[in-house]
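Protein chains in written order, with my numbering: chain A, 1 to 293; chain B, 294 to 638. Structure, as structure tokens:
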């Protein structure tokens, strides 16, 4: 029945009545009318430039940031920057990102909890300024496929939420996920020790009930809030910031493995934590004044 | 090699376009279009079979026509067009019947191509910026269209495991924009005011309408099996899409669900846009490119193609649809001995 249809004669019919054109075999590329420079991470270099202009006075006049060993950060190729994290609304992240972009003219993507994405306005600005949610897949794509610099704080929210009495006591380094990513991507880990961030916005105590009610990771009452009122929410104290870049650490394991030895990961993570902790103590030993360094 | 192809949803936009594209290919010997209603575009040499949406008669058609390829374009990816129940019927039951027919003993089917959507990845704050074909979803499915597509893809996956001799291709298309297709996104963009969610500016990826047809043709002709994302290169923020299209964004409150926002009545906002307009979605397209597929348009190019066609329609008015399917006339053209020359309308 249907098999025996005289299809051959019908092939010769014209295609004149087809109203929708049939796509060209060899595609002729259509124009790409991009208006903004937002990249696939949501980062915009124009927004970064604006943020740098606005942040520059804070960076060089307020915090008077001093770097040590900045030359250890490679001028090209991927690397995972790892730093200690402190202060209710931590200033260490913008300081590191600003500093490296200013001194080395290299973009830095800051990896942070996906929580930021869920906050209106903040989430968008955070992404435009180079924030990326800290998913292993994102870190791998940044480091391995795009050979970028990514900044991560392995302490997570445990760092900034700790109270001032625990200052400069580094918290647990998560589950060592950052080591695994660096191994998989085959990039070095570069630890950065930061001092000054604790005093910029000291956490006096926390209100866990309020945090829970608002759905926030923590709700700190800071010294800034008590001294400056509402302005203290965003305004840090002018503590002197000092940063020390430690030697890059490479792992002699093949990249792109499905799994890496968990004990090795935890061992390396603890080694880096201890190294950062020791450098922080060392820098604090040299510090004569919180405000003048 | 002469191919015998069955196209599902031949009465829908994509089915119609695929039938027309296949007709232009002389290596496609027999083209059968199946659909629940009359086709909206004229078919040259393809046959049209009317069937219910869940394809209960598909088994008999496959057996009778001995098709070797099934192009399953009839997957609903826009929940605004049909009820949830109809969508389940079409996407899940339809796919199930189709696979049952293709997997029946002595079946002639050697290749099944399924048109799916990147909706299966969902959209949430926890998502990675880029989904690979193997990346699992970041969040449970929250709306009926995503659930239906996930279920349908699951059936396809089971089928391909059970029938290793049959090639199975699943293409997951990003949001489509182009010259003809009307989707909730394109309808929103074609108005002077376009919805957004306050404080969110998601990155979106689009695929041009012609690239959808070309990708489906590419895998059908080349018998390329596997699971592929299909999306134009690059990603652009929703605000940029709106400014390319010359429409103004109206921010809706981010704290109340879309359904109860008073302003949402003015816009086309099906459930699947709720999260997309917050978090967007990006997919990796290198796998399909590696099979030799070249895109005609980037994401921004797709937006441009859409807005250019829209400007033309605004200036020159709608092109009148001159075609209505008349069963008897089609039968006459195909089978009457008096028809000797070319057909033109």
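We put the beta carbon where it would ideally sit given N, CA and C, even for glycine. Bear in mind that the values here come from a model prediction, so they are computed numbers and not experimental data.
Is the Cβ-Cβ distance between residue 598/B and residue 471/B less than 8 Å?
Sequence index remark: in the second chain, residue 598/B carries index 305 (1-based). Sequence index remark: in the second chain, residue 471/B carries index 178 (1-based). Yes.
What runs of the alpha helix (DSSP H), each 4 residues or longer, lie entirely inside the segment 439 to 489 of chain B?
477 to 482
Between the segment 409 to 435 of chain B and chain A, which residues of the former have CB atoms less than 7 Å from a CB of the latter, in chain order?
418, 419, 421, 422, 423 and 428
Going along the chain, which residues of its own chain have a beta-carbon closer than 8 Å to the beta-carbon of residue 455/B, five neighbours each way excluded?
Position 162 of the second chain, counted from the first residue, corresponds to residue 455/B. Only 396 meet the Cβ criterion.
Measuring only the C-alpha atoms, how far is residue 134/A from residue 479/B?
Position 134 of the first chain holds residue 134/A. Position 186 of the second chain holds residue 479/B. Straight-line Cα distance between these residues: approximately 32 Å.
If I measure Cβ to Cβ from residue 326/B and keep anything under 6 Å in the same chain, skipping five residues before and after, which residues do I get?
Within the second chain, the letter at position 33 stands for residue 326/B. If we look at residue 326/B and ignore the five residues flanking it on each side, its Cβ neighbours are 300, 303, 312, 339 and 341.
Give the range of the alpha helix (DSSP H) segment to which residue 515/B is assigned.
Working through the second chain from its first residue, we reach residue 515/B at position 222. Per DSSP, residue 515/B belongs to the alpha helix (DSSP H) from 502 to 515.
Bridge partners - residue 206/A, DSSP secondary structure assignment
Within the first chain, the letter at position 206 stands for residue 206/A. Beta-bridge pairing links residue 206/A to 220/A.
Buried or exposed by the 16-neighbour rule on C-beta atoms within 10 Å, applied to residue 53/A
Indexing the first chain from 1 puts residue 53/A at position 53. By the 10 Å Cβ count, residue 53/A comes out exposed.
Which chain A residues are close to residue 583/B, counting only those with a beta carbon under 8 Å from its beta carbon?
Here residue 583/B is taken as the residue at index 290 of the second chain, counted from 1. What residue 583/B touches in chain A: nothing, since even the nearest Cβ is about 15 Å away.
Let me see if you follow: with CB-CB separation under 8 Å, is residue 688/B close to chain A or not?
This structure does not reach residue 688/B, given that chain B is present from 294 up to 638, and the question cannot be answered.
Counting beta carbon pairs with one atom in the segment 115 to 130 of chain A and one in the segment 475 to 494 of chain B, are three or more of them shorter than 8 Å?
yes
Nearest-angstrom beta carbon gap, residue 521/B and residue 465/B [assumed within contact, 8 Å]
Taking the second chain and counting its residues from 1, the one referred to as residue 465/B is at position 172. Taking the second chain and counting its residues from 1, the one referred to as residue 521/B is at position 228. Contact holds; Cβ gap of about 7 Å.
Looking at the strands, I want to know which residues DSSP matches up with residue 326/B.
If you number the second chain from 1, residue 326/B lands on position 33. DSSP, once it has assigned bridges, lists 300/B and 341/B as partnering residue 326/B.
Near residue 177/A, which residues of its chain fall below 7 Å by C-beta distance, leaving aside the five closest residues on each side in sequence?
Reading the first chain from its first residue, position 177 is the one you call residue 177/A. Within the same chain, residue 177/A has close Cβ partners 136.
Report the rounded CA-to-CA distance for residue 603/B versus residue 42/A, giving the unit in angstroms.
By 1-based counting over the second chain, the position of residue 603/B is 310. By 1-based counting over the first chain, the position of residue 42/A is 42. Approximately 28 Å between the Cα atoms of the pair.
What are the boundary residues of the alpha helix (DSSP H) that includes residue 98/A?
Position 98 of the first chain holds residue 98/A. Residues 92 to 104.
Rounded straight-line distance, which links the Cα of residue 296/B to that of residue 419/B
Within the second chain, residue 419/B is the residue found at index 126, counting from 1. Within the second chain, residue 296/B is the residue found at index 3, counting from 1. Their backbone Cα atoms lie some 44 Å apart in a straight line.
Return yes when the Cβ of residue 225/A is within less than 8 Å of the Cβ of residue 232/A, no when it is not.
By one-based count along the first chain, residue 232/A stands at place 232. By one-based count along the first chain, residue 225/A stands at place 225. Yes.
According to DSSP, is residue 626/B helix, strand or coil?
Locating residue 626/B in the second chain gives position 333, where the first residue counts as 1. Looking at residue 626/B - three-state DSSP - the assignment turns out to be helix.
List the residues of chain A that residue 491/B touches, going by C-beta distances under 7 Å, in chain order.
The residue you call residue 491/B lines up with position 198 of the second chain. Under the 7 Å cutoff, chain A gives 120.
My output table needs one value for residue 140/A: the three-state DSSP class, helix, strand or coil.
In the first chain, the residue the question calls residue 140/A occupies position 140. Three-state DSSP puts residue 140/A in a helix.
Please state the DSSP three-state secondary structure of residue 286/A.
By one-based count along the first chain, residue 286/A stands at place 286. Correct three-state label for residue 286/A: helix.
Please return the same chain residues whose Cβ sits closer than 7 Å to the Cβ of residue 260/A, not counting the five positions on each side in sequence.
Residue numbering aside, residue 260/A sits at position 260 when the first chain is read from its first letter. Within the same chain, residue 260/A has close Cβ partners 180, 183 and 253.
Using alpha carbons as the reference points, say which of 49/A, 47/A and 104/A lies closest to residue 75/A.
Mapped onto the first chain, residue 75/A falls at position 75. Checking every option, the nearest Cα to that of residue 75/A belongs to 104/A.
Rounded to whole angstroms, what's the CA-CA distance from residue 393/B to residue 514/B? Just pull it up for me.
Along the second chain, one-based indexing puts residue 393/B at 100. Along the second chain, one-based indexing puts residue 514/B at 221. The alpha-carbon atoms of residue 393/B and residue 514/B are separated by roughly 23 Å.
Contact under 8 Å by Cβ, residue 424/B with residue 576/B
Reading the second chain from its first residue, position 131 is the one you call residue 424/B. Reading the second chain from its first residue, position 283 is the one you call residue 576/B. In this structure, residue 576/B lies closer than 8 Å to residue 424/B by Cβ.
Considering only residues of the same chain and omitting the five flanking positions on each side of residue 130/A, which have a CB-CB separation below 7 Å?
Translated into the one-based positions of the first chain, residue 130/A becomes position 130. Correct list, in chain order: 43, 48, 97, 107, 108, 109 and 110.
Touch test, the segment 76 to 96 of chain A against the segment 191 to 200 of chain A, Cβ-Cβ under 8 Å, three pairs minimum
yes
Report the residues of the segment 469 to 501 of chain B with a CB closer than 8 Å to any CB of chain A, ordered along the chain.
473, 490, 491, 492, 493, 494, 496 and 501
Nearest to residue 78/A (by Cα), restricted to the options 245/A, 144/A and 211/A
The residue labelled residue 78/A in the question sits at position 78 within the first chain. Taking only the C-alpha atoms, the option nearest residue 78/A is 144/A.
Using the C-alpha atoms, what's the distance from residue 309/B back to residue 453/B?
Within the second chain, numbered from 1, the residue matching residue 453/B stands at position 160. Within the second chain, numbered from 1, the residue matching residue 309/B stands at position 16. Looking at the two C-alpha atoms, the distance is approximately 26 Å.
For residue 274/A, decide whether its Cβ has a neighbour in chain B, counting only Cβ atoms nearer than 8 Å.
Your numbering for residue 274/A matches position 274 in the first chain. With 8 Å as the cut-off, residue 274/A does not count as an interface residue toward chain B.
For chain A, is any of its Cβ atoms less than 8 Å away from the one on residue 537/B?
Here residue 537/B is taken as the residue at index 244 of the second chain, counted from 1. With 8 Å as the cut-off, residue 537/B counts as an interface residue toward chain A.
Positions along the segment 237 to 269 of chain A whose CB lies within less than 8 Å of some CB in chain B:
none
Just to make sure I have the definition right: I need the residues of chain B whose C-beta is within less than 9 Å of the C-beta of residue 42/A. Which are they?
Sequence index remark: in the first chain, residue 42/A carries index 42 (1-based). By Cβ distance, chain B contributes 422, 494, 495, 496, 528, 530 and 573.
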